[in-house]
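First comes the structure, then the notes that go with it.
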Amino acid sequence: MHTYFRLLSYARPISKYAFPYLLLIILATIFNTLNIALLAPLLSTLFEEQQNLTAIKPDSWLDIMGWFDYLTLSANINFGAQKALKWTCLAILSSVLLSNIFKYFSQRIMENLRIQTLLNLRKTLFDHVMNMDMLYFNDQRKGNIIAKIASDVQVVQFSVTNTLQVLFKEPFQLIAYLFVLFAISFKLTLFSILVLPLSAWVISKIVRKLKAQAKEAQERFGMMISYLDEALSGIRIIKGFNATSRIKDRFHQENIQYSELGRKMAYRQQLGSPVSEFLGVLMVTILVLYGGNLVIQGQGDLSAAAFITYIAIFSQIMRPAKALTESFSMINTGLAAGERVLELIDEKPKHEELQGNIAVKELKDKIRFNQVSFAYQKELVLNNVSFDIERGKTVALVGPSGAGKSTLMDLIPKFIHPLSGEISFDGISFSNVSSESLRSIIGIVNQDSILFNDSIKNNIAFANPNASENQIMEAAKIANAHDFIMETENGYDTNIGDRGVKLSGGQKQRICIARAVLMNPPVLLLDEATSSLDAESEYLVQDALNKLMENRTSLIIAHRLSTIQKADLILVLDQGKVAEQGTHFELLFKEGIYSRLIDKQQFKKA
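In this text, residue positions in the sequence shown follow the numbering used here: the first is 86, and each later residue adds one.
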């Protein structure tokens, strides 16, 4: 139940919905019960002889059936049978109308509660995921996260709120029916309620395994979404390597297993309804035999009209009882999905983000690395790295693949945090610097052009949503992107498709550079921004990068000799350490790792 109450906490403020719903459902229950209870006076009016009878007022207001008999007889005596019938029908019609009005408004309130729960839970989940550190996403399947935010939350929303609705509504309805049944016949009701615990016990046996199956089904669904995401993202490679059949088979097998689990769960859930219904009919049959004999033999105080009303109400009592038992099967599915959702909410970052409170607006002096080390799991990627990035200077990172270049760059915007050592910004420790302010003065251009399924204008303006159209165009001109943008179908309003699929590699990269230009950051991080381009695109992109780096502090990872040669400082990383540092010519004269990389043509000549 701990899981259930945690999930229910996302329905806050629950009192805003609970009290109006409770009031309306009580009123709806009262009038819904009267709908059936009024059968007794209706039958009495139609079929019983009312002559020579005296209307006796009941001593207690709890004697419901006594009051019905009194009012029916009074109407017959005072107005005659026909008018009494009209008044009885009007009472039934009014009761049905009021019952449905109150029921409608109670359902509206419950729907608002359901939407509020979904809104709060999905917001909490998405906000939490966005706050996770970059290392978390390295270990997770994106499809599984999507499934939790999209599918699992939906399951939780309906199962938890529907169960809450049942727990609010059905016990009141059950109590109301039992109250009327006891009012009609105390002895018969004691005998009849034996079926309720029996029905609950049988249903609990049926739904016992549902929770484990539901959790496995949600895991399978997450895996299936992961396969779908990978297939759509890698469609070009899949088709290029003729792997379409293999991918189809893998998805199909996962789909089969998920469907089989769904079938087993459905079979088990659907078994509860006929079993409880059969038990109800069985009990009604026993009651008809037992109570009918009492009426026929004239034993007890049951009239034929009262007995028929009793049977009608008892047949209805199985509906709330059945809803209560079925809610147990539904809540198991919801709790299984809820546990997956709460697992994500409870997930902690691999490294807690050091949220400082000192805001920085510009780099005045330098960024300093002092004996910085970093490790993924137990593997040391950076080992006691020390160097300075002076204001206005360009620092280049070179070295073989896996040397730690990208990891070192990720430390500057605080995507990850050092295992040991210290990074400082103008003498202020990174642990004291506000992450948001730090990232607001850093422009990033990655090797992979990360764009969104939106217009060119909105992709450029992503760094500065308030930028004017003239500012966006100026940024595009600096990035050598304006000309090709104007050649597209709708210019700056052209949609570039998922991840910029409608653009070439060079065009995408220039859009990313325009985005960085528009941000106008004092610090730039360039991660192999030209490594995957053809000669013509490389020239345009490199020219744009040169314009971008003017009068800015830059840290670049590059394989282009032309870029490296112009750097003020080159750091040669090898096995997580700074093996060499200096200018291009200084490092060549040392004839060390850098010189050998040049000789092996590790760098492509511009």
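Ideal placement from N, C-alpha and C gives every residue a C-beta, glycine not left out. Predicted, not measured: the structure shown is a model, and the values here were computed from it.
Notebook entry, point to check: Taking contact to mean at least 3 C-beta pairs separated by less than 8 Å, is the segment 460-475 in contact with the segment 657-670?
Noted result: yes
Item checked: Three-state class that DSSP yields for Glu-134 in the structure shown -> Confidence at Glu-134 is low in this model, with a pLDDT of 49, below 50, so its placement is unreliable and the value that follows should be read with caution. Residue state, collapsed to three classes: coil.
Check: In chain order, what residues of the same chain lie with their CB nearer than 8 Å to the CB of Ser-100, ignoring the 5 residues before and after it?
Finding: none
Note to self: Going by DSSP in three states, Thr-668 sits in which element: helix, strand or coil?
What the structure shows: coil
Check: So is Ile-402 buried or exposed if we call it buried at 16+ other beta carbons inside 10 Å?
Finding: buried
Notebook entry, point to check: Can you tell which of Pro-607, Leu-109, Asp-568 and Leu-673 has the C-alpha that lies nearest to the C-alpha of Lys-451?
Noted result: Pro-607
Note to self: Just list the residues that DSSP pairs Phe-187 with in beta bridges.
What the structure shows: According to DSSP, which records beta bridges pairwise, Phe-187 is partnered with nothing at all.
Note to self: Please report the straight-line C-alpha distance between Phe-276 and Phe-399, rounded to a whole angstrom.
What the structure shows: 12 Å
Next item on the list: Determine the closest residue to Gln-250 out of Asp-431, Lys-349 and Ser-191, with distance taken between C-alpha atoms.
Entry: Ser-191
Note to self: Between Ile-545 and Ala-560, how many whole angstroms is the CB-CB distance? I'm expecting something under 8 Å.
What the structure shows: 6 Å
Note to self: Taking the straight line between their C-alpha atoms, what separation do you get for Phe-104 and Ser-330?
What the structure shows: 57 Å
Check: Per DSSP, what kind of secondary structure is Thr-394 in: helix, strand or coil?
Finding: helix
Check: Under a three-way DSSP split, which group does Gly-506 fall into?
Finding: strand
Notebook entry, point to check: Counting Cβ pairs closer than 8 Å, one from the segment 222-238 and one from the segment 86-99, do we hit at least three?
Noted result: no
Next item on the list: Determine the burial state of Gln-456: buried for a count of at least 16 other Cβ atoms within 10 Å of its Cβ, exposed for fewer.
Entry: exposed
Item checked: Segments of 4+ residues assigned as alpha helix (DSSP H) that fall wholly inside the segment 479-526 -> 490-496 and 520-525
Notebook entry, point to check: Anyone know if the C-beta pair for Arg-584 and Leu-640 falls short of 8 Å?
Noted result: no
Checklist line | Among Ser-680, Asn-517 and His-502, the one whose alpha carbon lies nearest that of Gln-655 | finding: Correcting the residue type first, residue 655 is Ile in the shown sequence and not Gln. Closest by alpha carbon: Ser-680.
Item checked: Proximity of Tyr-106 and Ile-194 at Cβ, strictly below 8 Å -> yes
Item checked: For Ile-269 and Ala-391, the rounded distance between their alpha carbons -> 7 Å
Item checked: Closest by C-alpha distance to Asn-531, when choosing among Asn-205, Leu-673, Gly-591 and Ser-184 -> Gly-591
Item checked: Buried versus exposed call for Gln-167 [16 or more other C-beta atoms within 10 Å across all chains shown] -> exposed
Margin query: Just to confirm, is the Cβ distance from Asn-117 to Ser-179 under 8 Å?
Written below: no
Next item on the list: Can you tell me which of Met-308, Ile-526 and Tyr-95 puts its alpha carbon nearest to the alpha carbon of Pro-498?
Entry: Ile-526
Margin query: Quick check on DSSP: helix, strand or coil for Thr-114?
Written below: helix
Notebook entry, point to check: When DSSP builds the beta bridges, which residues end up paired with Thr-579?
Noted result: DSSP output for Thr-579 lists no bridge partner at all.
Item checked: Closer than 8 Å to chain D by CB, Glu-447 -> Of the chains in the structure shown, none is chain D; there is only one protein chain.
Notebook entry, point to check: Glu-301 to Met-308, Cα distance in whole Å?
Noted result: 11 Å
Notebook entry, point to check: Beta-carbon separation of Leu-263 and Thr-274 under 8 Å?
Noted result: yes
Next item on the list: Below 7 Å CB to CB, which residues in the same chain sit around Asp-495 once its five sequence neighbours on both sides are set aside?
Entry: Met-219 and Ile-501
Check: Looking at C-alpha atoms only, which residue of Ala-422, Arg-199, Leu-482 and Val-366 is the closest neighbour of Ile-642?
Finding: Leu-482
Next item on the list: Inspect the CB distances between the segment 232-243 and the segment 199-209 and report whether three or more fall short of 8 Å.
Entry: yes
Margin query: Between the alpha carbons of Leu-346 and Asp-334, how many angstroms are there, rounded?
Written below: 18 Å
Next item on the list: Kindly list the residues whose CB is nearer than 7 Å to the CB of Lys-593, restricted to its own chain and excluding five residues on each side of it in sequence; keep chain order.
Entry: Ser-534, Leu-536 and Gly-585
Next item on the list: Within its chain, find whatever has a CB closer than 6 Å to the CB of Lys-254; leave out the 5 residues flanking it on each side and keep chain order.
Entry: Ile-110
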